[in-house]
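If you want our numbering, it's the 1-based position in the sequence shown plus 56.
For every residue, glycine included, the Cβ atom is placed at its ideal position computed from N, Cα and C.
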Amino acid sequence: MQRRTPRNALDRLRTPRRFHGFLKSASVCALIAGLLSPLSPAMAAGTSTTAPTTPRATAGDHCGGRCSDILPPGQNGNATLAQILLNQAFGTQPAHAEDQLGPYADLATGYQGLTNDKINTFFSDASFGVPDGQAASTVRPAGRGDVTIVRDKKTGVPHITGTTRYGTEFGAGYAAAQDRLWLMDLFRHVGRGQLTPFAGGAPANQGLEQQFWRSAPYTEADLEAQIESAAAKAGERGELALADVDAYVAGVNAYIDASDKGRYFPGEYVLTGHKDAITNAGTIEHFKRSDLIALASVIGSLFGAGGGGEVNNALSLLAAQEKYGVAEGTKVWESFRQRNDPEAVLTQRDGSFPYLPTPDDPQGRALPDAGSVQAEPLVYDRTGSAGAAGATGASAKAADTAVTSARRGMSNALVVSGKHTDSGHPVAVFGPQTGYFAPQLLMLQEIQGPGISARGASFAGLSMYVELGRGQDYAWSATTSGQDIIDTYAVELCQDDHHYLYRGTCTAMEKVERRNAWKPTVADSTAAGSYTMRVWRTKYGPVESRATVGGKKVAYTTLRSSYLHEADSIIGFQMLNDPDYLDSPERFQGAVQHINYTFNWFYADSEHTAYYNSGDNPVRANGVDAEFPVWARSAYEWQGWDPADNTARYTGPSAHPQSVDQDYYISWNNKQAEDYPAASWGNGSVHRGNLLDDRVRKLVAQGGVTRAALVKAMAEAGLADLRAEDVVPGLLKVIESAPVTDPAAKTAVDRLKAWLSAGGLRTETSAGSKKYAHADAIRTLDAWWPLLVKAEFEPGLGSDLYTAFTRNLPVDESPSAAHGPTGAHAGSAFQYGWWSFVDKDVRSVLGESVKGPLAREYCGGGDLAACRGTLVSTLKEAAGRTPAQVYPGDDNCSAGDQWCADSVIHRTLGGIKHGGISWQNRPTYQQVVEFTSHR
């Protein structure tokens with residue numbers, strides 16, 4: 057039976073393959089010479105561009121040369137038509153388009169000999185300013201006298217220095233458009249559900265706009281109101297934020313005008329039919345405030361919104377109760393759910409932070425009748441290519457992804473207190489794991505101006521402030537936390553399918569529509585087509601599915617606490633950039649309390665470290681179990697909920713996991729703290745967070761931790777196979793509980809043991825070999841894992857319950873597992889899988905102590921000999937599978953190419969392509985910091 061396999065929607069968005077065919081039939085040189093004669097950026101903009109000897113910025117820098125960062129593939133994410141054609145034809149790269157990719161990739165084979173003085177072989181110096189003689193250019197955008205943008209020679213990062221607040225933010229907007237205009241334009245259309253008319257009707261584009269617009273179906277009035285609402289609630293800081301946004305947007309638009317006049321705008325505008333390469337006819341639409349909210353809704357949905365999946369939870373609970381009876385079935389379900397597993401690795405190791413406790417007598421549950429759940433249609437009135445099989449398949453995937461709790465939850469952090477470091481100062485290695493795209497979703501910048509002093513990364517189009525980076529004497533970063541801020545309500549229907557009971561009154565649902573049409577372009581040859589996206593909105597959020605509950609017709613809706621509040625976090629980011637405000641770990645915690653998305657935040661200065669978990673956590677009604685759908689009735693609404701603006705009572709700051717100066721912190725999207733459950737499944741005895749915790753704990757015990765040692769710990773964890781390190785030893789213990797006499801099984805066991813002895817890492821035999829050491833053992837485990845999980849659990853659970861549980865939590869997410877939540881070639885791996893289930897079950901069968909065991913033993917029905925037989929038979933089957941069977945190939949890799957199947961490939965969101973690199977499971981943007989002094 058085919059199961060749903062969630063994956064990140066951005067993995068499906070790429071430049072259509074039509075580009076390549078076009079270039080085969082065109083004379084590239086003729087196109088470049090005959091169609092393009094752009095002015096220089098300076099001439100077009102009326103600015104000055106020079107390469108002077110520029111001293112470092114005057115802002116205080118307390119890093120002492122010990123701050124570094126990296127963001128592949130490169131800073132430059134814009135390319136003219138000429139540059140795109142050259143790249144597609146000959147592989148040439150625009151300046152600074154991929155100069156950070158090589159050092160980033162090289163760490164995978166170079167980390168073992170790392171010392172502090174070699175860190176910047178693999179990272180870039182993240183000190184403030186530009187050293188003497190290293191300024192590549194200086195631009196005064198739009199001829200302004202109150203801001204300069206200096207770009208350094210090494211990486212092309214913009215260093216924006218303003219003498220006025222307006223000028224500083226104007227410069228930030230101008231620099232963002234210089235580096236990411238096409239990407240910004242792309243995502244403002246994704247956020248509005250209007251990608252296909254803008255970029256083409258490829259099935260991947262259809263699926264992408266459907267997924268995001270389903271969860272954030274905003275009208276233009278909704279978008280415009282959100283930034284003003286966020287500002288109005290924040291007093292003077294709100295007024296300042298609004299002024300910053302206006303200045304930033306003005307800077308973006310100034311670059312659009314300059315690049316249009318000079319004809320050096322991104323070439324994708326020509327290839328998608330928005331501009332004419334010969335006459336320059338056509339328009340690049342100016343940005344406005346509401347575009348930033350559309351952008352923020354996409355980023356927030358991807359990385360900062362935990363929860364959802366309540367209907368899937370209900371279906372697996374009902375399957376468990378059908379299999380075992382209500383009481384025993386509930387016990388089995390809870391043991392797999394692992395809401396508060398006592399063996400789970402924690403970020404905050406002291407204290408308890410109760411959130412969403414399991415009620416003894418759940419109130420208001422609205423579980424669906426068997427077989428009654430039907431997904432709510434989104435797409436109507438298909439014409440042309442919108443009715444093709446590929447298009448309808450993309451719609452199905454988008455709908456499936458929208459209802460899962462297995463959301464992209466990446467990023468990691470390693471932070472060690474100065475009590476345990478060689479220098480006596482805290483050391484941090486941290487960053488967001490946002491996937492690999494070309495151009496990258498994030499961009500680097502330094503901003504220095506009145507009330508702003510920071511360097512780091514920001515999402516393109518939202519870079520009026522540095523969102524992750526460093527200030528004068530502190531640095532900060534975040535990981536996705538994923539606590540539950542999304543609930544599902546069952547609204548009882550009345551009158552017809554589009555009216556519902558709201559607090560006793562039959563109320564009409566609001567219909568919100570997008571009519572999208574497209575036609576073929578050079579970039580996307582998809583035939584003309586169109587469709588209508590239609591969402592029905594209620595006070596309790598958009599309709600997600602329909603069912604009956606106790607025979608009553610209901611619509612299941614999804615309500616997110618950040619819905620209609622995509623701009624609220626702007627105040628927190630403003631405070632993080634303000635050196636006059638942020639002067640202590642407590643002030644840091646105060647700043648990130650203003651961020652309503654679900655993140656773990658980490659801080660380090662020269663003396664202290666700190667942690668805080670952010671997010672608007674709604675206080676549920678007494679007795680409500682937020683794991684399941686509840687009735688849309690006053691008694692079960694969020695406490696203090698006001699549907700007019702979707703506000704509620706939220707848990708107070710003290711209820712969020714937090715601390716200052718814990719001996720060390722690690723996070724890899726694991727459980728935050730005791731009694732603080734994550735919305736997604738899989739926080740049990742084995743989690744990829746263990747890969748960090750085990751290594752950092754060992755370093756701290758030894759003492760004298762250095763930046764190099766912490767980078768090495770991160771790098772090794774990023775090459776480790778979690779299954780090999782933490783689960784396979786137990787499996788081999790079962791297999792070797794009796795002599796292994798079968799030759800094929802013995803060979804497979806010996807190969808696995810040799811690999812484990814070498815560390816269980818997925819590493820090349822040598823740099824650039826594109827061949828794994830212990831390749832046969834890796835191939836065997838990749839083939840074995842799904843076989844052993846199914847053979848271990850399906851006989852006991854039964855097919856229906858096993859399948860239901862796999863919809864809650866995918867079985868595997870190895871680097872080459874294209875079916876996982878992140879898709880193939882995405883780097884991130886081992887976040888979602890059945891590792892804890894296998895680990896606990898096998899330990900139980902072995903008679904070992906297990907805290908929080910599964911409700912039953914499954915491997916061999918609890919019999920050690922039978923369990924051994926299951927493992928040996930599946931191991932033999934796996935070992936017999938050929939590389940081509942295990943790694944079937946895709947658009948990028950031939951069948952059987954193991955290294956390529958794992959490799960990280962930057963997915964093209966524009967016209968520039970990059971080659972793949974060896975697999976690493978690490979942050980996309982990453983900082984290494986150690987401050988030597990404090991203001």
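In angstroms with no decimal places, state the Cα-to-Cα distance between residue i and residue j.
i	j	result
V898	L927	10 Å
H743	W737	11 Å
P62	G362	Here the model assigns P62 a pLDDT of 34, short of 50, so the residue's position is not dependable, and the following value carries that caveat. If I take the Cα positions, the gap works out to 15 Å.
D731	L142	56 Å
T204	A182	19 Å
V756	H152	38 Å
G185	G708	39 Å
D681	F359	24 Å
T414	K344	45 Å
K727	W657	14 Å
L902	E848	14 Å
G971	E683	42 Å
Y858	E850	6 Å
V796	P785	15 Å
H712	G815	36 Å
S96	A647	Only weak support exists for where S96 lies, its pLDDT of 43 falling under 50; the coordinates are left without a value.
G407	D397	15 Å
T862	Q551	37 Å
Find the nearest neighbour of residue i within the set the options, judged by alpha-carbon distance.
i	options	result
Y706	Y653, W687 and R779	Y653
S884	K896, D958 and L965	D958
Y492	P709, V985 and Q976	Q976
G588	R570, P598 and T582	Inspection of the sequence shows that residue 588 is occupied by Thr rather than by Gly. Looking at the Cα atoms, R570 is the closest of the given residues.
T136	G257, D332 and W269	D332
Q267	G474, G671 and K453	K453
R937	I834, W724, L853 and G925	I834
R248	H554, N261, G120 and T275	T275
G218	K210, P598 and V195	V195
D347	A735, A281 and A564	A281
L518	V894, V547, D241 and V716	D241
S855	K754, S353, E378 and E341	E378
I627	V213, F409 and D300	D300
S992	A164, L843 and D117	No statement about residue 992 is possible, as the shown extent of the chain runs from 57 to 991 and does not include it.
D798	S670, H830 and E933	E933
Quick one: what does DSSP say residue i is sitting in, helix, strand or coil?
i	result
T192	Contrary to the premise, residue 192 reads as Ala rather than Thr in this sequence. In this structure, A192 counts as strand in the three-state DSSP scheme.
R991	coil
L778	helix
R73	Bear in mind that the predicted position of R73 carries a pLDDT of just 41, short of 50, making it unreliable; the figure below should be weighed with that in mind. R73 falls in the coil class under three-state DSSP.
E772	helix
T477	strand
F684	coil
R571	strand
V610	strand
K907	coil
L500	strand
I49	The first residue shown for the chain is 57 and the last is 991, placing residue 49 beyond what the model contains.
K331	strand
R763	helix
Among all the DSSP beta bridges, which residues are the ones paired with residue i?
i	result
G525	G512 and W532
L615	D543
H555	A564
S715	Y667
P674	Y706
Does residue i come within less than 8 Å of chain B when only Cβ atoms are used?
i	result
C550	Among the chains in the structure shown there is no chain B, since it carries only a single protein chain.
At a cut-off of 7 Å, would you count residue i as near the ligand ATP, judging by its Cβ distance to the nearest heavy atom?
i	result
I349	As far as ligands go, the structure on display features none, and thus does not contain the ligand ATP.
**Asked** Is the region 523-532 close to the region 499-513, with three or more CB pairs under 8 Å?
**Response** Segments in contact, yes.
**Message:** Does the structure place the region 856-868 close enough to the region 886-893 that three or more beta carbon pairs sit under 8 Å?
**Reply:** yes
**Asked** Do three or more CB pairs link the region 632-643 to the region 661-673 at distances below 8 Å?
**Response** yes
**Request:** Count the C-beta pairs between the region 577-588 and the region 250-264 that are closer than 8 Å, then say yes if the count reaches three, no if not.
**Result:** yes
**Request:** Evaluate contact between the region 606-615 and the region 298-314, counting only Cβ atoms and requiring at least three cross-stretch pairs below 8 Å.
**Result:** no
**Item:** the region 684-694 touching the region 536-556, judged by at least three CB pairs closer than 8 Å
**Value:** The region 684-694 is in contact with the region 536-556.
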